[in-house]
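Visitor: If you scroll down you'll find the structure; I have some questions about it.
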Amino acid sequence: MEKFAQKYVESFMADLIAKNPGELEFHQAVREVLTSVAPYLQAYPHLLDNKIMERMAEPERVIIFRVPWTDDSGEVHINRGFRVQMNSAIGPYKGGIRFHPSVNLSIMKFLAFEQTFKNSLTTLPMGGGKGGSDFNPRGKSDAEVMRFCQSFMTELQKYIGADTDVPAGDIGVGGREVGFLFGQYKRLRDEFTGTLTGKGLAWGGSLLRPEATGYGACYFAQEMLATRGKSFEGATVVISGAGNVAQYAAQKALRLGAKVVTLSDSDGFVYDPDGLDEEKMAYVFHLKNVLRGRIKEYAVKYPGAQYFPGEKPWKIACDIAMPCATQNELDGDAARALVAGGCYCVTEGANMPSTPEAIEVFQRARILYSPGKASNAGGVATSGLEMSQNSIRQKWTAEEVDAQLHRIMSDIHAACLRYGTEEDGYVNYVKGANIAGFIKVANAMMDQGLV
Ligand code: NDP
Ligand code: 2IT
8 MEKFAQKYVE
18 SFMADLIAKN
28 PGELEFHQAV
38 REVLTSVAPY
48 LQAYPHLLDN
58 KIMERMAEPE
68 RVIIFRVPWT
78 DDSGEVHINR
88 GFRVQMNSAI
98 GPYKGGIRFH
108 PSVNLSIMKF
118 LAFEQTFKNS
128 LTTLPMGGGK
138 GGSDFNPRGK
148 SDAEVMRFCQ
158 SFMTELQKYI
168 GADTDVPAGD
178 IGVGGREVGF
188 LFGQYKRLRD
198 EFTGTLTGKG
208 LAWGGSLLRP
218 EATGYGACYF
228 AQEMLATRGK
238 SFEGATVVIS
248 GAGNVAQYAA
258 QKALRLGAKV
268 VTLSDSDGFV
278 YDPDGLDEEK
288 MAYVFHLKNV
298 LRGRIKEYAV
308 KYPGAQYFPG
318 EKPWKIACDI
328 AMPCATQNEL
338 DGDAARALVA
348 GGCYCVTEGA
358 NMPSTPEAIE
368 VFQRARILYS
378 PGKASNAGGV
388 ATSGLEMSQN
398 SIRQKWTAEE
408 VDAQLHRIMS
418 DIHAACLRYG
428 TEEDGYVNYV
438 KGANIAGFIK
448 VANAMMDQGL
458 V
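Read in our numbering, the sequence shown has 282 at position 275, and its numbers run on one by one without any break.
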């Protein structure tokens, strides 16, 4: 990196760390964007003078609130709720809600920061936000989850709305939770609007929203692979996670002719050398979404598969890797193992799953690597399409939504090529996505004055 850019990044980061101590994930996300954008900023001094980047790294608003609820035995529990309204320059705040015991302010801010650039890349008018709670839905009854969601929404409803802030799902928040959240919102506000996305199909949801993140990641990977004359056909694919994103990434990859050999959860991973097929996929959907079981049960049902407790799937040799579980789940050693195993394409379905060291390993090896903000944008993009359908009170067919999702993923890929192609022809998708996402938001902020 040039001297100016390097100095700018270091002094910016020193200030950011001093102001936001201990927020490691937030620091990591900001440093990555800053490193891409700093050389670009040098050519546009008005963006520097107007401290656009400093403004982008300061949330417009952060709401932190108490969420009291009772379990089935009557015991009282207190969780912490968050909503980070990061940037509304190009549209209402938009981003998911995460329920996971690891949720804290740093994780909420990193996700809201990433969301701002991701949403800009979708080409749709959506600002960036994220929310959640340290509530752990694992092992809770439906009634407990409902009481928690109702308590959470009782406070959150004061700050959101169809034209203000539109939450959706993320880790630990799927169709069931969105239903409970929407029901309580409607009850308290007395309005039936598109204030949440990921709604049920009978009550304002969009066809293909559940599938969109995983499918979109595969469409993005198809575009990347095509630049090297490759495709999913016959490729071996390693996937982490067994939740919403992993399930539909696996389904689409196998339908595109790939052999998907792993799925995982926080307890371990399963390796099926024969690969998933439609019947095994149907079992996984039932196991995870109806029974709410653990992925190790796959190896009991299909004895040809092996379960590796406490391990991650990156040591399995593959052509394509799709991390679809959580942040920093793929480190430098895992990246070296993937490259050594012949992997030539890493497409992120999760948000920030690869550590900075892992990204460096992929880029040094000159393999195809896409950051989540580009390749997992299909989820929020389809949320944007759900908002459009709600606004015009119509429902598009699956074919119409899929066509738009395809177009959006292909446009994001084109934007990455435009801003990320290096002198030797290698496409740095991190740089491409960060600069393309940044420009639109930065220009909108300039147009709107000092806000
Ligand atoms: P789900 O809750 O449906 O699934 C999450 C999966 O990841 C589970 O298998 C879970 O295992 C695993 N996981 C979660 N936390 C950890 C952890 N700390 N360590 C190891 N494994 C973990 O969530 P989604 O599939 O919706 O989300 C997965 C990722 O994709 C997240 O990074 C999310 O931010 C991102 N994303 C989601 C979108 C969406 O539309 N849902 C859109 C764009 C990005 P376990 O059951 O053991 O917790
Ligand atoms: O990280 C993400 O993009 C999501 N969890 C989806 C957000 C949304 O508003 O659909």
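From the three backbone atoms N, C-alpha and C, an ideal C-beta is built for every residue, glycine too.
1) How would you write the range of the alpha helix (DSSP H) that Y290 sits in, first residue to last?
2) In whole angstroms, what separates the C-alpha of D279 from that of L294?
3) Cβ of Q334 within 7 Å of any heavy atom in ligand 2?
4) Going by DSSP, name the residue or residues bridged to M329.
5) Of the choices I70, K287 and I24, whose alpha-carbon is the least far from that of E61?
6) Say yes only if the C-beta of Q35 is nearer than 7 Å to one or more non-hydrogen atoms of ligand 2, and no if none qualify.
7) Excluding the 5 residues preceding and the 5 following Q396 in the sequence, name in chain order all residues of the same chain whose CB lies nearer than 7 Å to its CB.
8) Just the C-alpha distance for I97 and Q313, rounded to the nearest angstrom, thanks.
9) Tell me whether S382 counts as near ligand 2, meaning its Cβ is closer than 7 Å to at least one heavy atom of that ligand.
10) With DSSP collapsed to three states, give me the class of A357.
11) Go ahead and label T234 buried or exposed: buried means 16 or more other beta carbons lie within 10 angstroms of its beta carbon, across all protein chains shown.
12) Starting from N86, trace the beta strand (DSSP E) in both directions and tell me its first and last residue.
13) Beta carbon of T202, beta carbon of G176: below 8 Å?
14) Roughly how far, in whole angstroms, is the beta-carbon of G146 from the beta-carbon of V91, given that I think they are within contact range, below 8 Å?
15) Which whole-angstrom value is the C-beta distance of T354 and A228, which I expect to be below 8 Å?
16) Output the distance between the C-alpha atoms of M133 and A388, rounded to the nearest integer angstrom.
17) What is the rounded straight-line gap between the Cα of G282 and the Cα of I415?
18) I'd like the list of long-range same chain contacts for S238, defined as Cβ closer than 8 Å, with 5 residues on each side in sequence excluded.
19) With distance defined between alpha-carbon atoms, name the residue in F276, G211, V368 and Y351 nearest to I3.
20) Regarding K125 and ligand 4, is the C-beta to nearest heavy atom distance less than 7 Å?
21) Pick from I446, C352 and M453: whose alpha carbon is nearest that of V40?
Guide: Reading it off the structure:
1) E285 to F292
2) 16 Å
3) No, the Cβ of Q334 stays beyond 7 Å of every heavy atom of ligand 2.
4) I246
5) I24
6) Outside the cutoff, so no.
7) Shown here for Q396: same chain residues with a beta carbon closer than 7 Å to its own, the five before and five after excluded, namely S213, K402 and W403 in chain order.
8) Cα to Cα, I97 sits roughly 47 Å from Q313.
9) no
10) coil
11) exposed
12) V83 to N94
13) T202 is not a Cβ neighbour of G176, given a cutoff of 8 Å.
14) The beta carbons of G146 and V91 sit about 27 Å from each other, so the pair does not count as a contact at 8 Å.
15) 4 Å
16) The straight-line gap from Cα to Cα measures roughly 9 Å.
17) 29 Å
18) If we look at S238 and ignore the five residues flanking it on each side, its Cβ neighbours are Q229, L232, L263 and G264.
19) Shown here, the chain extends from 8 to 458; a query on residue 3 therefore has no answer.
20) This structure lacks ligand 4; the ligands present are ligand 1 and ligand 2.
21) I446
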